[in-house]
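Data block below; observations after.
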Amino acid sequence: IVLTVGYDKASLESGNYQGEVKADFYGRIVPKHAHGSKNLDGHTASTRKITEAAMVLFEEIMDKTLLSRRIAIAACNVFREGCVPENRQYRQMSLFDLAEETRAESEKNEEKDEKERALQEAMVEIKKKFGKNAVVKVKNLSQGGTAIERNNQIGGHKA
Numbered sequence: 003i004v005l006t007v008g009y010d011k012a013s014l015e016s017g018n019y020q021g022e023v024k025a026d027f028y029g030r031i032v033p034k035h036a037h038g039s040k041n042l043d044g045h046t047a048s049t050r051k052i053t054e055a056a057m058v059l060f061e062e063i064m065d066k067t068l069l070s071r072r073i074a075i076a077a078c079n080v081f082r083e084g085c086v087p088e089n090r091q092y093r094q095m096s097l098f099d100l101a102e103e104t105r106a107e108s109e110k111n112e113e114k115d116e117k118e119r120a121l122q123e124a125m126v127e128i129k130k131k132f133g134k135n136a137v138v139k140v141k142n143l144s145q146g147g148t149a150i151e152r153n154n155q156i157g158g159h160k161a
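Residue 3 is where the sequence shown starts when you use our numbering, and the numbers rise one by one after that.
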């Protein structure tokens with residue numbers, strides 16, 4: 003996961019910022035953007051794992067005293083599910099780890115991944131059958147939610 007956070011020029015108005023500054027695309031002086039990356043434990047289609055990694059990375063690199071202007075996120079080394087190169091994963095064991103607990107934890111994670119995958123597949127089937135607005139997150143029903151409106155657009159324009 004690669005994450006970049008660009009900051010707004012209004013962050014400099016208070017005069018408290020002492021960090022590095024740069025000129026943005028328009029020539030305005032802004033705080034230097036924050037950039038970072040995080041590797042996942044292995045190949046996954048789990049939105050839970052990807053979101054957790056992105057949130058941890060965001061918390062690590064984001065300067066909470068500054069106003070964010072843009073956030074860019076990318077997933078690298080992405081493969082189609084059938085084309086994932088086979089690689090064995092090894093885990094460093096500790097003298098204090100109990101093998102049975104570790105095995106039980108990995109089985110529990112596999113079970114969670116299977117449930118999440120089944121849910122994702124069900125959502126895709128519902129959306130194929132009834133349209134993109136058949137399943138939406140609750141936050142998109144609140145004021146300011148844009149998903150339903152955007153699903154009705156074609157190329158960013160009203161359909």
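Glycine included, each C-beta is placed from N, C-alpha and C at the ideal position.
Here A47 is actually not in contact with E103; their C-beta atoms are around 26 Å apart, not less than 8 Å. Checking the DSSP bridge columns, you'll see S39 partnered with V4. At least 8 Å separates the beta-carbon of E118 from that of R30. Beyond the five residues adjoining it in sequence on each side, V32 comes within less than 8 Å, by CB distance, of G8, Y9, D10, K11, S13, L14, V23, K24, A25, D26, R71 in the same chain, given in chain order.
In the structure shown, the three-state DSSP call for V137 is coil. Sequence-distant partners of L69 (beyond 5 residues in either direction) whose C-beta falls short of 8 Å from its own C-beta, in its chain, are Y9, D10, A12, S13. In terms of Cβ geometry, S39 and V80 do not form a close pair [threshold 8 Å]. In the three-state DSSP reduction, V58 falls in the helix class (H, G or I).
For A76, the CB contacts under 7 Å within the same chain, skipping 5 residues up- and downstream, are V4 in chain order. The beta carbon of G147 lies closer than 7 Å to those of K141 in the same chain, with the five residues before and after it left out.
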